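Just so you know, the sequences run in chain order C and F. Using numbering that gives the first Met the number 0, the first residue of the first sequence is number 0, and each one after it goes up by one. Using numbering that gives the first Met the number 0, the first residue of the second sequence is number 0, and each one after it goes up by one. The beta-carbon is built from N, C-alpha and C at its ideal position, and this holds for glycine as well. Predicted, not measured: the structure shown is a model, and the values here were computed from it.
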Amino acid sequence: MLPDTEVLVVAHLRATDAVMALTQRVGTKTPVSLDGQFAKVTLLDEGMHRGSRALHVVHPLVQIDCYGSSNRDSAHAEASLLARTIREAIVAMAAASHSGAVVTAARATQRRLPDSELDPPRERYIVTCELTLHAA
Amino acid sequence: MPRNPNLEAELAASPEYQAGMQQITRIVAATVQDQAPNVTGYYEGHIAAEGTQIVASDFAWHLVEFGSVNNPPYAPLRRGVIAAGLRFVDESRI
Numbered sequence: 000m001l002p003d004t005e006v007l008v009v010a011h012l013r014a015t016d017a018v019m020a021l022t023q024r025v026g027t028k029t030p031v032s033l034d035g036q037f038a039k040v041t042l043l044d045e046g047m048h049r050g051s052r053a054l055h056v057v058h059p060l061v062q063i064d065c066y067g068s069s070n071r072d073s074a075h076a077e078a079s080l081l082a083r084t085i086r087e088a089i090v091a092m093a094a095a096s097h098s099g100a101v102v103t104a105a106r107a108t109q110r111r112l113p114d115s116e117l118d119p120p121r122e123r124y125i126v127t128c129e130l131t132l133h134a135a
Numbered sequence: 000m001p002r003n004p005n006l007e008a009e010l011a012a013s014p015e016y017q018a019g020m021q022q023i024t025r026i027v028a029a030t031v032q033d034q035a036p037n038v039t040g041y042y043e044g045h046i047a048a049e050g051t052q053i054v055a056s057d058f059a060w061h062l063v064e065f066g067s068v069n070n071p072p073y074a075p076l077r078r079g080v081i082a083a084g085l086r087f088v089d090e091s092r093i
């Protein structure tokens, strides 16, 4: 059976020391406290590989919101560093081993988009990930 | 027979090619509207195909597309491209 992509990505990020050195708050929900930096993983789409009749290879599209802390002096740098670190970790997924899944390709882009729903607006980078994977 | 290095550019400039691309753009715009959250209809009403571009003129389009602490990312633009059968490539131009 195909793995749960959000679980796969969160597990990989939590197993990446460089990410954990910045924040341990990596998950699929917005944390209760918004003071510190955090990353939120959301699966947007998960289409089948073109030409594949069997449900084997899929192309998940994943968004990772990388928030800086509420410290206005350091928030931009924190969000940027978190996004760049996570982007590097995502691209490394193709070379890493995973529980129940084989990632054959991983691509990630990032853009700065502060979250204007918070007052004051919070620094945020969005990492958009395109993965290709199948069950192990 | 020598190859024409300008073939792709010449084809892209032809009226038939432009008409085909504009037709595809209208189809993709319709799938973007299908992927939008069906709450007020405001967002869907502000999606338009203009030439070979899809324009989202809702002032809060970025909240619908990318979400916030209070909203999930519905991503109608990105998911609409995929739903229309195209390959989505993120160029990060915002």
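- Annotation for Ile89 (chain C): Ala105, Ala107, Cys128 place their beta carbon closer than 6 Å to its own, counting only its chain and skipping 5 residues before and after.
- In terms of beta-carbon proximity, Gln62 (chain C) lines the interface with chain F, with at least one pair separated by less than 8 Å.
- Interface with chain F (8 Å Cβ-Cβ cutoff): Thr4 (chain C) is excluded.
- The beta carbons of Ala17 (chain C) and Thr84 (chain C) sit closer together than 8 Å.
- Taking 8 Å as the Cβ-Cβ cut-off, the stretch 40-74 of chain F approaches chain C at His61, Leu62, Phe65, Gly66, Ser67, Val68, Asn69, Asn70, Pro71, Pro72, Ala74, given in chain order.
- With respect to Ala38 (chain C), Leu81 (chain C) sits close: the two C-beta atoms are nearer than 8 Å.
- Straight-line spacing of the CA atoms in Asp64 (chain C) and Ala74 (chain C) works out to 14 Å.
- In this structure, Ala134 (chain C) lies near Leu1 (chain C), with their beta-carbon atoms less than 8 Å apart.
- Not one beta carbon of chain F lies nearer than 8 Å to the beta carbon of Gly67 (chain C).
- Within the same chain, and ignoring the five residues on either side of Arg110 (chain C) in sequence, the residues whose Cβ sits closer than 6 Å to its Cβ are Ile125.
- Distance from the CA of Ala100 (chain C) to the CA of Ala59 (chain F), rounded to the nearest whole angstrom, comes to 37 Å.
- Counting C-beta atoms within 10 angstroms of its own C-beta, Tyr42 (chain F) has 16 or more neighbours from the protein chains shown and is therefore classed as buried.
- Given a length threshold of 4 residues, each whole run of the alpha helix (DSSP H) inside the stretch 67-93 of chain F is given here in chain order: 75-82.
- Contact of Asp33 (chain F) with chain C is not assigned, every C-beta pair being separated by 8 Å or more.
- For Thr15 (chain C), the nearest beta carbon of chain F is not closer than 8 Å to its own beta carbon.
- In this structure, Thr30 (chain F) lies away from Gly66 (chain F), with their beta-carbon atoms at least 8 Å apart.
- Taking 7 Å as the cut-off between beta carbons, none of the residues of the stretch 77-89 of chain C comes near chain F.
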